[in-house]
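Respectively, the protein sequence lines represent chains A and X. For what it's worth, the working numbering labels the leading residue of the first sequence as 1, then goes sequentially. For what it's worth, the working numbering labels the leading residue of the second sequence as 1, then goes sequentially. Ideal Cβ positions, reconstructed from N, Cα and C, are used throughout, including at glycine.
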Amino acid sequence: MSILETINLKKYYGSGDAMVKALDGVDLAIEEAEYVAIVGTSGSGKSTLLHLLGGLDRPTGGRVVVDGREIFALKEEELTIFRRRKIGFVFQNYNLVPVLNVYENIVLPIQLDGSEPDKPYVDKIIGMLGLESKLNNLPNNLSGGQQQRVAIARALAAKPAIILADEPTGNLDSKTSLEVIGLLKVTSRQFKQTIVMITHNEEIAQMADRIIHIEDGKIVGGESK
Amino acid sequence: MIKVKNKKVVRKLAEKSFQANKARNLIAIIAIALTAVLFTTLFTMGSGAVESIQQASMRQAGGDGHAVLKYITAEEFEAVKDHPLIKEIAYDRVLADEVKNSEFLKRRAEFWYLDDVGLKLAFSEPTSGHKPAAENEVIADTKTLQLLGVPLKVGAPLTLTLDIRGEEVKRDFVLAGWWESDPAFNIGKIVASRAYVEAHGDELCNTYQEDNSTTGVIKAYIMFKNSNDLEGKLKRVITESGYSLDENASDYLEHNVNWSYLSTNFSLDGGTLIAFVSGLLLIVFTGYLIIYNIFQISVMRDTRFYGLLKTIGTTGKQIRQIIRRQALVLSAIGIPGGLIIGFFSGKALVPLIMNNSTYAGSAVSVSPDALIFIGSALFALVTVLISTFKPGRIAAAVSPVEAVRYTDVSVKRTEKLKKSTRGAKMPQMALANLGRNKKRTVLVLISLSLSLVLLNTVFTLSQSIDMDKFLSKIVDTDFLLAHADYFQNDFYGLENQTTETFIQAVQAQPGFEEGGCLYGGREKMFAVEDEKNTTQKYNINVHGDFIAAVYGLEGLPLKRLELIDGELDFEKLASGNYILEGVQLDDNSVPKMDKIHFAVGEKVTLYNYQGTAETLAEREYTTREFTVLGHVAIKYYANSDRCGWDYNFYLPAEVYKTLVDQPAVMSYAFNVFKNQEAEMESFLQKYTDTVEPVMHYSSKFTSFNEFSGMRNMVIIIGGALSFVIGLIGILNFINAILTGILTRQKEFAMLQSIGMTRQQLRKMLMFEGFYYVLGTCVFSLVLGTVFSLLVVKSFCELLWFLSFRFTLQPLLLTWPFLFVLGGTIPLALYAVTDKQSIVERLREAE
Chain A
1 MSILETINLK
11 KYYGSGDAMV
21 KALDGVDLAI
31 EEAEYVAIVG
41 TSGSGKSTLL
51 HLLGGLDRPT
61 GGRVVVDGRE
71 IFALKEEELT
81 IFRRRKIGFV
91 FQNYNLVPVL
101 NVYENIVLPI
111 QLDGSEPDKP
121 YVDKIIGMLG
131 LESKLNNLPN
141 NLSGGQQQRV
151 AIARALAAKP
161 AIILADEPTG
171 NLDSKTSLEV
181 IGLLKVTSRQ
191 FKQTIVMITH
201 NEEIAQMADR
211 IIHIEDGKIV
221 GGESK
Chain X
1 MIKVKNKKVV
11 RKLAEKSFQA
21 NKARNLIAII
31 AIALTAVLFT
41 TLFTMGSGAV
51 ESIQQASMRQ
61 AGGDGHAVLK
71 YITAEEFEAV
81 KDHPLIKEIA
91 YDRVLADEVK
101 NSEFLKRRAE
111 FWYLDDVGLK
121 LAFSEPTSGH
131 KPAAENEVIA
141 DTKTLQLLGV
151 PLKVGAPLTL
161 TLDIRGEEVK
171 RDFVLAGWWE
181 SDPAFNIGKI
191 VASRAYVEAH
201 GDELCNTYQE
211 DNSTTGVIKA
221 YIMFKNSNDL
231 EGKLKRVITE
241 SGYSLDENAS
251 DYLEHNVNWS
261 YLSTNFSLDG
271 GTLIAFVSGL
281 LLIVFTGYLI
291 IYNIFQISVM
301 RDTRFYGLLK
311 TIGTTGKQIR
321 QIIRRQALVL
331 SAIGIPGGLI
341 IGFFSGKALV
351 PLIMNNSTYA
361 GSAVSVSPDA
371 LIFIGSALFA
381 LVTVLISTFK
391 PGRIAAAVSP
401 VEAVRYTDVS
411 VKRTEKLKKS
421 TRGAKMPQMA
431 LANLGRNKKR
441 TVLVLISLSL
451 SLVLLNTVFT
461 LSQSIDMDKF
471 LSKIVDTDFL
481 LAHADYFQND
491 FYGLENQTTE
501 TFIQAVQAQP
511 GFEEGGCLYG
521 GREKMFAVED
531 EKNTTQKYNI
541 NVHGDFIAAV
551 YGLEGLPLKR
561 LELIDGELDF
571 EKLASGNYIL
581 EGVQLDDNSV
591 PKMDKIHFAV
601 GEKVTLYNYQ
611 GTAETLAERE
621 YTTREFTVLG
631 HVAIKYYANS
641 DRCGWDYNFY
651 LPAEVYKTLV
661 DQPAVMSYAF
671 NVFKNQEAEM
681 ESFLQKYTDT
691 VEPVMHYSSK
701 FTSFNEFSGM
711 RNMVIIIGGA
721 LSFVIGLIGI
731 LNFINAILTG
741 ILTRQKEFAM
751 LQSIGMTRQQ
761 LRKMLMFEGF
771 YYVLGTCVFS
781 LVLGTVFSLL
791 VVKSFCELLW
801 FLSFRFTLQP
811 LLLTWPFLFV
821 LGGTIPLALY
831 AVTDKQSIVE
841 RLREAE
């Protein structure tokens, strides 16, 4: 069974002549522990797709099913809670909370959920991402690569089923990019997590199990390796 | 420097960025308007008080001219009246030496002709009826007519007995009109027509030089264009018109300037000036706190914009211009509204001040003086410019490179580590958020605390007003009866003594407990021999003895004498061999022992004239020796003639009567039984209004009311000020929270995307609000306590009727209200701003 499935997913902006079909009937199924890269030109609708997959935005039509749950059938607050338990996000510009230190940022989703962090597990992630010495730092004192590693740790810490990454290496140099993606891949594999990642970087896309091309709001081809 | 025509583009940039800041503009306009309200209120109150005091003094002086030429003739008037320095001149002619109707024994009335300018300057324009025209028409003030028993009806007949150069003449007139008597003005005025003057030209010939008769003399009240250097102008008018300033010259014109215009009479005393200046500073500071905050926040938010401008070549000076321009536009909108509101609120507050000053009862007038508006607008504008100066410099100093990276939410690089694993609990996050911009947080805290501290100060002051201290000084017994003159500090003797009928009427009232007369007067003053006193050079009679005030007391007032030293033995006193010396008390009721002249047991020799012969010299200068039995307190308002003599003695009334041929009742003091005060009060009010209008009284209860009035004034004015400053504080708080929400839209979106629910977000914002409130509470508590103990306490020690009473209750009472505000404002603002979806916010321009 697919961990993530979309059925005829549509997202239109505006109306009449000015209507933009950002997504126009996307059917997609992603299996558990799969590593999928979504590629496409800018404006092709890939970010919209990712936002819909994470339940950040509501579609014009169609469904998204995560782990057997139809997410848009949930109420706003239920969806938020579902999201923080099942989905981890990694953004291009890290989006760390500036007033919290590294450790606090990492455990933030867990604490938002009102639970106690699984200490050995979190420590393990921190160890794998090489952040042990930085735990008390504030995000502003970290390099881009370090910040993104914190963001990844934060995405993994709540043990989500799926990690959605929106150009996670967009702000990093190529050496750091490969390093960060490598870590993402290793850790997610270790914890059997599914990764859906948008990227421009051909080299990084090639590391994925499957590449989905998206063009004008439609999937134009998917290749599995 | 090369001049470049870049004004236009700078203006355009200013306009564009102005339009992009709608929320800021609204808050800034309200803030500026409120600042202007405060300034205008203060200025209006100040100028209104001065104006009203000035008019009241003028009325007391009996005329509104800047200066007056007295006892002049018609020719002299003609010669002077067209002098270029004179703006207006009144032709006031005395028509009789005296009005001899018996009704005017207690309140004199004068018989005049006044031209139109004269009527205006003397506040004697008829408010009902018309100006006198026919020979037999007169107008008068209502009190005069009331005394004459003439009904307020046009055409009512009246007869005046006039003293024309010593000759009594009876003439019949009819009433043409009247005006309301000014309570501050204790002389009646009857005004006849021009036709009367023309008809009696012969008897009105000015003979003042020869026989000092005032019939027919002209008093010319002069108004100059302004009240500067009145003395100099008046002298110029006289000399340039061909007259002399030399008193002995034949062409001398008697003249003087109106004392109410002399600056010394209404100059602001030190205390008022300090209050006024601290008021100004407080407002400037309050205004600064919010306007600075608004602009500083707005500049921070627009840092990238300014960085961009600099990248493409805008100079720092131009950026400063852009910001100043915006400040000016905001002022242009905010200040005028504030001026109008402020003027009316100030106008509403003036009567409150006046009613509680010595000028109570005078009409209050506040005219919209251009100066008030110009001054307030200027101060408001200066406040805005001061407040925007620094933000302007910050914007001008933006480095193009840094600007790109800058966001309002950045945490300073100096803070490297934060040792904490407590993590992301809402309260901690909220606290950390306030720490992002410590300066702003502190400014908001000060701004909010300011009004609380002020409010607390106001209440501390009003609480510290010591009713007992005040009352014990002003009144001794429940009621005190006397002639109205007595209460004007003008008791003389038999002519204005307290009437027996009044006293009997009061004694017959139910509720009357006990009372007693106080005898005294300066008709025939006592004198005392005191060889030790070599310094006093005044109040010495022909025999080389010092004038002394001697009072005879009976019953209640005698019993209530407060002994300071010696003994108060009524039997010994009744023997006629002993006397009590009075000692003045200072403001804190401490006896001024250095002012006493005789020790207990010392012999005192009193002299006074006895007999009823015309002149003092013909009377017998009698001697009486006493031994000082003790010293008693002079209660200025209760047992003195309110003149403040150097020598004061008290005797039982029986002894006093043996010394004086015709003892005059100065006042009558009495107490009533409990719960009968109100009835007695209303009886007295009615009696003094209708039966004996020249009699008057003071009571503990009217003093009490006066006093509560004063307390209320402090609370109302201070409260109003605190309210507006509080509004500004709340506005500042709203601005800070709103900016906090707007600048973190993206951060909130991110938090929501990683799983923060709206509920949690609201909770966090609410905590931020609570922390502001908590900080305000702590800050205002500390500041309020310190201010109270350091400043208010020492202020209370300066004024005798204040006894410092520490209180923080008003402060504590505002806390629940603050917490409600702190909780609801962030939620309301969040609800308003929470319109965009998470994705929209995430995408928002980086």
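{"query": "Listed by chain order, chain X residues near proline 120 of chain A by CB distance under 7 angstroms", "result": "Within chain X, no residue comes near proline 120 of chain A; the closest Cβ sits about 15 angstroms away, beyond 7 angstroms."}
{"query": "Residue-level contact to chain X via CB, threonine 41 of chain A, 8 angstroms cutoff", "result": "no"}
{"query": "Interfacial residues, the stretch 368-399 of chain X to chain C, with Cβ spacing under 8 angstroms", "result": "In the structure shown, chain C cannot be found, because the protein chains are A and X."}
{"query": "Any chain A beta carbon closer than 8 angstroms to serine 451 of chain X", "result": "no"}
{"query": "Among X:Thr214, X:Gly155, X:Phe817, X:Ala736, the one whose alpha carbon lies nearest that of glutamate 98 of chain X", "result": "X:Thr214"}
{"query": "Complete alpha helix (DSSP H) runs within the stretch 199-242 of chain X (minimum length 4 residues, chain order)", "result": "208-211, 230-240"}
{"query": "Terminal residues of the beta strand (DSSP E) in which cysteine 517 of chain X lies", "result": "512-519"}
{"query": "Beta-carbon neighbours of methionine 713 of chain X, restricted to chain A and to distances below 9 angstroms", "result": "Under the 9 angstroms cutoff, chain A gives no residues; its nearest Cβ is about 49 angstroms from methionine 713 of chain X."}
{"query": "Residue-level contact to chain A via CB, leucine 443 of chain X, 8 angstroms cutoff", "result": "no"}
{"query": "Residue environment, proline 591 of chain X, which counts as buried when at least 16 other CB atoms sit within 10 Å", "result": "buried"}
{"query": "Check whether leucine 629 of chain X and glutamate 567 of chain X have beta carbons under 8 angstroms apart", "result": "yes"}
{"query": "Short CB-CB distance (under 8 angstroms) between methionine 756 of chain X and chain A", "result": "yes"}
{"query": "From A:Glu5, A:Ile38, A:Ser42, A:Gly14, residue whose alpha carbon lies closest to that of aspartate 27 of chain A", "result": "A:Glu5"}
{"query": "C-beta contact flag for lysine 225 of chain X and glycine 177 of chain X at 8 angstroms", "result": "no"}
{"query": "Residue from X:Asp490, X:Gly342, X:Ala370 with nearest C-alpha to cysteine 643 of chain X", "result": "X:Asp490"}
{"query": "Straight-line Cα distance separating alanine 275 of chain X from glycine 521 of chain X", "result": "41 angstroms"}
{"query": "Residue from A:Leu9, A:Gln148, A:Tyr103 whose Cα sits closest to the Cα of valine 65 of chain A", "result": "A:Leu9"}
{"query": "Which listed residue (X:Thr207, X:Thr41, X:Ala220) has its alpha carbon closest to that of valine 68 of chain X", "result": "X:Ala220"}
{"query": "Supposed close pair leucine 34 of chain X, isoleucine 728 of chain X - CB separation, criterion 8 angstroms", "result": "5 angstroms"}
{"query": "Neighbourhood of phenylalanine 707 of chain X by C-beta distance below 8 angstroms, restricted to the same chain and skipping five residues each side", "result": "Ile465, Met467, Phe470, Leu471"}
{"query": "Nearest-angstrom Cβ-Cβ length linking arginine 149 of chain A and valine 180 of chain A, presumed shorter than 8 angstroms", "result": "6 angstroms"}
{"query": "Short Cβ contact (8 angstroms threshold) for valine 220 of chain A with leucine 53 of chain A", "result": "no"}
{"query": "Counterpart residues of serine 181 of chain X in DSSP-defined beta bridges", "result": "Answer is none; serine 181 of chain X lacks a bridge partner."}
{"query": "Beta carbon proximity, arginine 436 of chain X to chain A, threshold 8 angstroms", "result": "yes"}
{"query": "Contact between the stretch 83-95 of chain A and the stretch 780-788 of chain X (3+ Cβ pairs under 8 angstroms)", "result": "no"}
{"query": "Short Cβ contact (8 angstroms threshold) for asparagine 105 of chain A with leucine 112 of chain A", "result": "no"}
{"query": "Where aspartate 172 of chain X sits in the DSSP three-state scheme", "result": "strand"}
{"query": "Cutoff 7 angstroms; reference glutamine 662 of chain X; Cβ partners in own chain excluding five residues on either side", "result": "Leu494"}
{"query": "Per-residue contacts from glutamate 77 of chain A into chain X (C-beta, under 8 angstroms)", "result": "Thr757, Arg758, Gln759"}
{"query": "Cut-off 7 angstroms between Cβ atoms - residues of its own chain near proline 120 of chain A, not counting five sequence neighbours on either side", "result": "none"}
{"query": "Beta-carbon spacing of valine 257 of chain X, arginine 93 of chain X below 8 angstroms", "result": "no"}
{"query": "Residues that asparagine 8 of chain A contacts on chain X, provided the C-beta gap is smaller than 8 angstroms", "result": "What asparagine 8 of chain A touches in chain X: nothing, since even the nearest Cβ is about 20 angstroms away."}
{"query": "Beta carbon proximity, lysine 51 of chain A to chain X, threshold 8 angstroms", "result": "Here residue 51 of chain A is histidine; the residue named in the question, lysine, does not match the sequence. Yes - at least one Cβ of chain X is within 8 angstroms of the one on histidine 51 of chain A."}
{"query": "Straight-line gap, alanine 155 of chain A to glycine 62 of chain A (C-alpha atoms, nearest Å)", "result": "27 angstroms"}
{"query": "Isoleucine 198 of chain A: first and last residue of the uninterrupted beta strand (DSSP E) it sits in", "result": "194-198"}
{"query": "Cβ neighbour criterion (16 or more within 10 Å) applied to isoleucine 32 of chain X", "result": "buried"}
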